[in-house]
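A short write-up of the structure that comes next.
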Amino acid sequence: MRILILFLLLGHTLFAQLNEQCTINVHIRFGQSDMQVGDTCYPIFQTDSLRLEAVKFYMAGIELWKDNKRVWAEPNSFHLIDATEPASMKIKLPISNAIQYNQLKFSIGIDSATNTAGAMGGDLDPTKGMYWTWQSGYINVKMEGTYSRSTARNKKFQFHIGGYKYPYAAVQPISLPVQSNSGIHLALNLEQLLERLFTDNQFEIMSPCQEAVRVSQQMASLFTLMNP
Amino acid sequence: MKKQILFLLLITVLICGFTAEQIQLFSIPKGWPKPAYNMRKNPLQAANIALGRVLFYDPILSANQTISCASCHSVYTAFTHVDHSLSHGINDRVGKRNAPALMNLAWHSSFMWDGAINHLDMQALAPITHPDEMGENLESVVSKLKASALYPSLYYKAYGDSQITGQRTLQAISQFLLTLVSAQSKYDSVMRKEAIFTQQEQNGYRLFKQHCSSCHTEPLFTNLQYENNGLPVDTSLNDYGRMHVTLNPSDSLRFKVPTLRNIEFSYPYMHDGRFQKLAQVLNHYTNGIRQSTTSVAILKLPIVLNSNEKVDVIAFLLTLTDKHFLFNPQYTYPKQLLSINQTP
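So the protein sequences, as listed, match chains A and B.
First residue of the first sequence: 24, per the working numbering; consecutive thereafter.
First residue of the second sequence: 10, per the working numbering; consecutive thereafter.
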């Protein structure tokens, strides 16, 4: 009986502190503007243009750190960010007010243990279209669209970035300084990455390979914090 | 205090009941290694296995409802595609490879001739989405299952609610595949000292251990590795096996070592089904080995077997036939599908 009361009390205090006070807002950017999937054309290299058909990627292993010590880690932390689904671009972290932090850590892509653990559910369900079928493994990042000077069929570009095995592991850890008690606005600016790929005449990456690893590294360096 | 004891008792009963069921649905044959499949993450239950079996036989998994898993993996031929060297899929399109026999998959940790699939759960995705096989995708399979008259209740029985997801669908198919255990051949009886080999079989067994068992290792009759067994490349297919997956030249011409259990029924043989008869296979090992950079030491020197010895090896291979497996009523076309009037 006494234990029961203790539990109730504990539950009560826990609830009081969990007020989903931190939200990570993800923004897909292109140069100076927000980037949308759809009919909008974005100018690139001054004279050319591109259109986005899909941007999707996995954010995983979200952690908050304070002075190089981990203070909070999200359990079972896998989020599929999909530029066509605004709800997926807001990640609510149920942390208590008492937690102070100054660093956000996460990775882009799915780790090797999860990749080899069989069928998963939720955002990792293979019906989400982020799983390769002819060779097992998650697609960490999908970027698709059209580019006026693409030499691929129908001027498409299609980048499916993934791979979990050495030497083609394409999961990238990211660490950014943040402030406690404020919403986090995370921006991924695709301009540099797409410019680099198009300059190199890359319009299609569809399997784990050296180029996919390079894209994952470059993409990881393009996450910044912004003031909305 | 009394209550606590009662509670403990209840827990014990639950645990025992649980393990008793597990043992009945899947048991590790004596002397076999531990399975690679983690059944704690997908505990075998009769209702889930039954669901997996229905899915395995249901052409609803293909785009135009004509091809099921069983179309290419038939129970009577140890779940391979009999009489087709390269498997046939949707619209009669011919695939690139011969369908392997399916058995003892719980012990495998990678799948396909080149190991492209890293987990049994993920295996079904490959044929479902392959344009030459079932030409579907899992999203649309899940919507078809949701709309069907049959499946919501089967998922309810298996999972306690009728929600249909990709994960549940794949895990149920795995459950059925895990039950395909072949361990009751004459060879197994001999090993258990319940039967004896004829002299010919005994001699074949001796030769087998000498020349073959480094790759076709007992008791699974595969070491589950990728090896080059010296087949010349078929230049109409240019299939280099494992190298396509790892992109590593040292994996060129390596293919998954197939089990030899039920080999009597799983012809045609090899990844491209190039051989119809076991005699041809033996002639390959004695006279047909093609050396290349990835040849293994054991095949560097020619295997010498005279014609009597070849017959002996084949006699031994036939002791790997498991009638309990081939004619197991638990593996055949499920009655649930009969009731919705579909043809096998």
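We put the beta carbon where it would ideally sit given N, CA and C, even for glycine.
Small disclaimer: the values here were computed from a predicted structure and weren't measured.
Mind checking if Leu335 of chain B is an interface residue toward chain A, Cβ cutoff 7 Å exclusive? As a position in the second sequence, residue 335 of chain B is number 326, starting the count at 1. Chain A contact via Cβ: absent.
Residues from the segment 148–160 of chain A in contact with chain B, defined by Cβ distance under 9 Å: Asp148, Pro149, Thr150, Lys151, Gly152, Tyr154, Trp155, Thr156, Trp157, Gln158, Ser159, Gly160
First through last residue of the beta strand (DSSP E) which encompasses Cys45 of chain A: For the purposes of this step, residue 45 of chain A is taken as residue 22 along the first sequence, with counting starting at 1. Cys45 of chain A -> beta strand (DSSP E) spans 45–53.
Proximal residues of chain B, C-beta to C-beta of Thr139 of chain A below 9 Å: Taking the first sequence and counting its residues from 1, the one referred to as residue 139 of chain A is at position 116. The answer, in chain order, is Ser118, Asn127, His128.
Could you check the C-alpha separation between Ser162 of chain B and Gln339 of chain B for me, to the nearest Å? If you number the second sequence from 1, residue 162 of chain B lands on position 153. If you number the second sequence from 1, residue 339 of chain B lands on position 330. Answer to the nearest angstrom: the Cα atoms are 20 Å apart.
Rounded straight-line distance, which links the Cα of Ser348 of chain B to that of Leu246 of chain B: Counting from 1 along the second sequence, the entry for residue 246 of chain B is found at position 237. Counting from 1 along the second sequence, the entry for residue 348 of chain B is found at position 339. Between Leu246 of chain B and Ser348 of chain B, the C-alpha separation is close to 42 Å.
Mind the definition here: the segment 218–236 of chain A touches the segment 168–186 of chain A only if three or more C-beta pairs lie below 8 Å; say whether that holds. yes
So, do the segment 166–185 of chain B and the segment 140–157 of chain B have three or more beta carbon pairs nearer to each other than 8 Å? yes
Mind checking Lys165 of chain A: buried by the 16 CB within 10 Å criterion, or exposed? Residue mapping note: residue 165 of chain A aligns to position 142 of the first sequence, counting from 1. Looking at its Cβ environment, which holds 16 or more other Cβ atoms inside 10 Å, Lys165 of chain A is buried.
Let me check understanding here. Comparing Cα to Cα, which of B:Phe35, B:Leu310, B:Phe334 lies closest to His220 of chain B? Residue 220 of chain B sits at position 211 when you count from the first residue of the second sequence. Nearest C-alpha to His220 of chain B: B:Leu310.
Looking at the unbroken beta strand (DSSP E) that takes in Ser130 of chain A, where does it start and where does it end? Position 107 of the first sequence, counting from 1, holds the residue named residue 130 of chain A. Here the beta strand (DSSP E) through Ser130 of chain A covers 126–131.
Check the Cβ-Cβ distances between Val151 of chain B and every residue of chain C, and say whether any is below 7 Å. In summary, chain C is missing from the structure at hand, where the protein chains are A and B.
Buried or exposed: which applies to Phe246 of chain A, given that a residue is buried once 16 or more other Cβ atoms fall within 10 Å of its Cβ? Sequence index remark: in the first sequence, residue 246 of chain A carries index 223 (1-based). The residue in question, Phe246 of chain A, is buried, as its Cβ has 16 or more Cβ neighbours within 10 Å.
Looking only at its chain, what residues have a beta carbon closer than 8 Å to the beta carbon of Gln285 of chain B, apart from the 5 residues adjacent to it on each side? Within the second sequence, the letter at position 276 stands for residue 285 of chain B. If we look at Gln285 of chain B and ignore the five residues flanking it on each side, its Cβ neighbours are Tyr276, Pro277, Tyr278.
Would you identify the three-state DSSP class for His82 of chain B, choosing helix, strand or coil? Counted from its first residue, the second sequence places residue 82 of chain B at position 73. Coil, per DSSP.
Starting from the C-beta of Leu291 of chain B, find all residues in its chain whose C-beta is less than 8 Å away, skip the five residues before and the five after it, and write them out in chain order. For this step, residue 291 of chain B is matched to residue 282 along the second sequence. For Leu291 of chain B, where only same-chain residues beyond five positions count, the Cβ hits under 8 Å are Leu314, Lys319, Val322, Ile323.
The segment 223–236 of chain A touching the segment 181–196 of chain A, judged by at least three CB pairs closer than 8 Å: yes
Neighbour-count burial assignment, Gly61 of chain A, 16 or more Cβ in a 10 Å radius: Locating residue 61 of chain A in the first sequence gives position 38, where the first residue counts as 1. Answer is exposed; the Cβ neighbour count stays below 16.
So, Ile131 of chain A versus Ala210 of chain A, is the Cβ gap smaller than 7 Å? Residue 131 of chain A sits at position 108 when you count from the first residue of the first sequence. Residue 210 of chain A sits at position 187 when you count from the first residue of the first sequence. No.
Are the segment 81–91 of chain A and the segment 118–135 of chain A in contact at 8 Å, needing three or more beta carbon pairs? yes
Quick one: list the residues of chain A neighbouring Gln180 of chain B, beta-carbon separation under 8 Å, in chain order. To locate residue 180 of chain B, count along the second sequence from 1; it is residue 171. Those within 8 Å of Gln180 of chain B in chain A are Gly141, Ala142.
Can you list, in chain order, the residues of its chain with a C-beta nearer than 8 Å to that of Ile207 of chain A? Leave out the 5 residues immediately preceding and following it. Counting from 1 along the first sequence, the entry for residue 207 of chain A is found at position 184. Taken in chain order, the residues that qualify are Cys45, Thr46, Ile47, Asn48, Leu127, Val201, Leu248.
Taking the beta strand (DSSP E) that Glu76 of chain A belongs to, which residues open and close that run? Taking the first residue of the first sequence as position 1, residue 76 of chain A is located at position 53. Taken as a continuous stretch (DSSP letters only), the beta strand (DSSP E) holding Glu76 of chain A covers 71–89.
Indicate whether at least one CB of chain A lies closer than 7 Å to the CB of Gly175 of chain B. Counting from one through the second sequence, the residue named residue 175 of chain B turns up at place 166. Yes, contact with chain A.
Would you say Leu229 of chain B lies against chain A (beta-carbon separation less than 7 Å)? Numbered from 1 along the second sequence, position 220 holds the residue referred to as residue 229 of chain B. No, no contact with chain A.
Which class does Phe226 of chain A belong to by DSSP, given the choice of helix, strand or coil? As a working mapping, residue 226 of chain A is identified with position 203 in the first sequence. Coil.
Proximity test, Cβ basis, 7 Å: Leu147 of chain B and chain A: The residue labelled residue 147 of chain B in the question sits at position 138 within the second sequence. Leu147 of chain B counts as touching chain A.
By how many angstroms is the C-alpha of Ala142 of chain A removed from the C-alpha of Gln225 of chain A? In the first sequence, residue 225 of chain A corresponds to position 202, counting from 1. In the first sequence, residue 142 of chain A corresponds to position 119, counting from 1. One C-alpha to the other measures close to 32 Å.
Let me know the alpha helix (DSSP H) ranges lying completely inside the segment 130–154 of chain A, each 4 residues or longer, listed in chain order. 135–138
Leu134 of chain B CB to nearest chain A CB: under 7 Å? By one-based count along the second sequence, residue 134 of chain B stands at place 125. Yes, its Cβ sits closer than 7 Å to a Cβ of chain A.
Mind pulling the chain A residues with CB within less than 9 Å of Asn51 of chain B? Start at 1 with the first residue of the second sequence, and residue 51 of chain B comes out as number 42. By Cβ distance, chain A contributes Gly141, Ala142.
Exposure label - Asp67 of chain B; buried when at least 16 CB within 10 Å: Reading the second sequence from its first residue, position 58 is the one you call residue 67 of chain B. Counting Cβ neighbours within 10 Å, Asp67 of chain B comes out buried, since at least 16 surround it.
Determine, using beta carbons only, whether Gly282 of chain B and Asn107 of chain B come nearer to each other than 7 Å. The residue labelled residue 282 of chain B in the question sits at position 273 within the second sequence. The residue labelled residue 107 of chain B in the question sits at position 98 within the second sequence. Contact flag set, yes.
So Ala59 of chain B and Ser118 of chain B are supposed to be a Cβ contact under 8 Å. How far apart are they, rounded? Taking the second sequence and counting its residues from 1, one reaches residue 59 of chain B at position 50. Taking the second sequence and counting its residues from 1, one reaches residue 118 of chain B at position 109. Ala59 of chain B to Ser118 of chain B, Cβ: 26 Å. No contact.
Inter-residue Cα distance where the pair is Leu186 of chain B and Asp197 of chain B: Within the second sequence, residue 186 of chain B is the residue found at index 177, counting from 1. Within the second sequence, residue 197 of chain B is the residue found at index 188, counting from 1. One C-alpha to the other measures close to 21 Å.
Assigned exposure category for Phe336 of chain B - 16 Cβ within 10 Å defines buried: Within the second sequence, the letter at position 327 stands for residue 336 of chain B. Exposed, since its Cβ has fewer than 16 Cβ neighbours within 10 Å.
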